[in-house]
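K.L.:
Sharing a structure with you now.
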Amino acid sequence: MKLRIAIQKSGRLHDDSIKLLKECGIDINNGVNKLKTEASNFPLEVFFLRDDDIPQYVEDGVADIGIVGENVVLEKNRPLRTVEKLGFGKCRLAMAVPRSMTYNSIQDLDGQRIATSYPVILGDYLKKMNITAEIHEISGSVEIAPGIGLADAICDLVSSGSTLFMNGLKEVETILRSEAILVANNSLTPEQEQLLGKLIFRIQAVKKAKNNKYVLLNAPNDKLPEIIGLLPGMKSPTVLPLAEAGWSSVHSVLNENDFWDIIESLKAAGAQGILVVPIEKMVI
Ligand code: ATP
Ligand code: MG
């Protein structure tokens, strides 16, 4: 028995999806132009598909699970289970208008034409905001629509905003924030659920490791209480004596969010020779 996962064949999510599986210790050889492949050391079959098709394939049970942007899942509106957010493929679905247009609020789009590849999400949003607009669905290069007179505004995916800028547009509303997610079919067998559980366990260990760093430092013994007080550690910091009398080595794990603040305080408290090392996997 194998778990079948659908990932993007090529495009923005392909490389990070493969990388995540590798970091989970799953070996796959992803030869170009392959439709599917098998992992050599985990009961996993990998299907390479267009991202738009992934929700449908997972719903139909052709694949059991899939990695796809939240934006695509919401647009396709299929009954799927979101299992885990994956932390890559981050972008936002945003409204943009020509830079020359005076824009005060979404009311300014009432009665206007909006081009998008996300008619479902946009339709819901406009309804919620009580706006009536003409939605023009186009499948690609949405950003050129205002320039060629097809629409007054667009609703499209943005990450840096440089595509909008190059096309003379300005971003005026954020409709949705999105990242890649792991989705699953709603009726997996108990065996498949068990394999999925194993995979999730590994993904969470990889994600936690990315958000944390291993820190080693030297401290004079009289400063230890203050330094230990600054360090959370997984349980509590490890303290080992140095060969030089009166000194100790302190080891701990720090979260990325408060990392720099704590490093500064440690230095101020008398820590020396601070080393920061990446963590590969982390299981709490
Ligand atoms: P496919 O050939 O598989 O249909 P695609 O052209 O529809 O690919 P990509 O452009 O590769 O899709 O984007 C895949 C996903 O990457 C998007 O659905 C979105 O979740 C995410 N993404 C992240 N940043 C961006 C961005 N700046 N523009 C578009 N998508 C982005
Ligand atoms: Mg697509």
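In UniProt numbering, the protein residues as written are 1 to 284.
Ideal Cβ positions, reconstructed from N, Cα and C, are used throughout, including at glycine.
Report whether the distance from the Cβ of Asp51 to the nearest heavy atom of the ligand ATP is below 7 Å.
P.N.:
At least one heavy atom of the ligand ATP is nearer than 7 Å to the Cβ of Asp51, so yes.
K.L.:
For a test of the three-state rule: what should DSSP assign to Asn257, helix, strand or coil?
P.N.:
Correct three-state label for Asn257: helix.
K.L.:
So which of Ile284, Lys9 and Ile175 has the shortest CA-CA distance to Met129?
P.N.:
It is Ile175.
K.L.:
Quick one: Cα of Leu266 to Cα of Lys19, how far?
P.N.:
Taking the straight line from one Cα to the other gives about 34 Å.
K.L.:
Quick one: what's got a C-beta closer than 8 Å to Lys34's C-beta in the same chain, skipping five residues either side?
P.N.:
Excluding positions up to five away in sequence, the list reads Phe48.
K.L.:
Locate the beta strand (DSSP E) running through Leu86, then write down its first and last residues.
P.N.:
Leu86 -> no beta strand (DSSP E), and no H or E assigned at all.
K.L.:
Between which two residues does the beta strand (DSSP E) carrying Asp156 extend?
P.N.:
Unbroken beta strand (DSSP E) run through Asp156: Ala153 to Val158.
K.L.:
Taking the C-alpha atoms as reference points, what is the distance between Val276 and Gly246?
P.N.:
Going from the Cα of Val276 to the Cα of Gly246 covers about 23 Å.
K.L.:
Looking only at C-alpha atoms, which of Thr37, Asp52 and Ile54 sits nearest to Val46?
P.N.:
Considering only alpha carbons, the answer is Thr37.
K.L.:
Please list the segments of the alpha helix (DSSP H) lying wholly inside the UniProt domain "Histidine biosynthesis HisG C-terminal" (209 to 281), counting only runs of 4 or more residues, in order along the chain.
P.N.:
Whole alpha helix (DSSP H) segments, 4+ residues: 224 to 230 and 259 to 268.
K.L.:
Buried or exposed: which applies to Lys9, given that a residue is buried once 16 or more other Cβ atoms fall within 10 Å of its Cβ?
P.N.:
With 16 or more other Cβ atoms within 10 Å, it is buried.
K.L.:
Using the Cα positions of Thr238 and Ala271, report the straight-line distance between them to the nearest angstrom.
P.N.:
About 15 Å.
K.L.:
Quick check: is any heavy atom of the ligand ATP less than 7 Å from the C-beta of Cys91?
P.N.:
Cys91 Cβ: within cutoff of the ligand ATP.
K.L.:
Pick helix, strand or coil for Ala39, following the three-state DSSP scheme.
P.N.:
DSSP places Ala39 in coil when its eight states are reduced to three.
K.L.:
Flag this pair as yes or no: are the beta carbons of Leu188 and Leu196 separated by less than 8 Å?
P.N.:
Yes, the Cβ-Cβ distance between Leu188 and Leu196 is below 8 Å.
K.L.:
Among the residues of its own chain, which have a CB less than 7 Å from the CB of Ile106, if the five just before and after it don't count?
P.N.:
Contacts found: Met129, Ile131 and Glu173.
K.L.:
Please state the DSSP three-state secondary structure of Arg202.
P.N.:
In the structure shown, Arg202 sits in a helix (DSSP, three-state: H, G or I).
K.L.:
Across which residues does DSSP place Ser178 in a beta bridge pair?
P.N.:
Paired residue(s): Cys91.
K.L.:
Below 6 Å CB to CB, which residues in the same chain sit around Glu256 once its five sequence neighbours on both sides are set aside?
P.N.:
So the qualifying residues of the chain are Asn211.
K.L.:
With respect to the beta strand (DSSP E) encompassing Glu134, which residues constitute its N-terminal and C-terminal limits?
P.N.:
Glu134 to Glu137 is the span of the beta strand (DSSP E), which, as asked, contains Glu134.
K.L.:
Taking Cβ positions, are Lys170 and Arg99 nearer each other than 8 Å?
P.N.:
Result yes, Cβ atoms of Lys170 and Arg99 sit closer than 8 Å.
K.L.:
Would you call the CB atoms of Leu164 and Lys213 closer than 8 Å?
P.N.:
No, the pair does not count as a contact, with Cβ atoms beyond the cut-off.
K.L.:
If you draw a straight line from the alpha carbon of Asp108 to that of Ser162, how long is it in whole angstroms?
P.N.:
Straight-line Cα distance between these residues: approximately 24 Å.
K.L.:
Could you say if the stretch 57 to 64 and the stretch 110 to 127 meet the contact criterion of at least three C-beta pairs nearer than 8 Å?
P.N.:
No contact exists between the stretch 57 to 64 and the stretch 110 to 127.
K.L.:
Buried or exposed for Val73, going by 16 or more other Cβ atoms inside 10 Å?
P.N.:
Answer is buried; the Cβ neighbour count reaches 16.
K.L.:
Closer than 7 Å to a non-hydrogen atom of the ligand ATP - does that hold for the CB of Val72?
P.N.:
Yes, the beta carbon of Val72 sits closer than 7 Å to at least one heavy atom of the ligand ATP.
K.L.:
For Lys9, verify whether its CB is less than 7 Å away from any heavy atom of the ligand ATP.
P.N.:
For the ligand ATP, at least one heavy atom lies less than 7 Å from the Cβ of Lys9.
K.L.:
Who are the Cβ neighbours of residue 296 in its own chain at under 7 Å, not counting the five residues just before and after it?
P.N.:
There is simply no residue 296 to check, as the chain begins at 1 and stops at 284 in what is shown.
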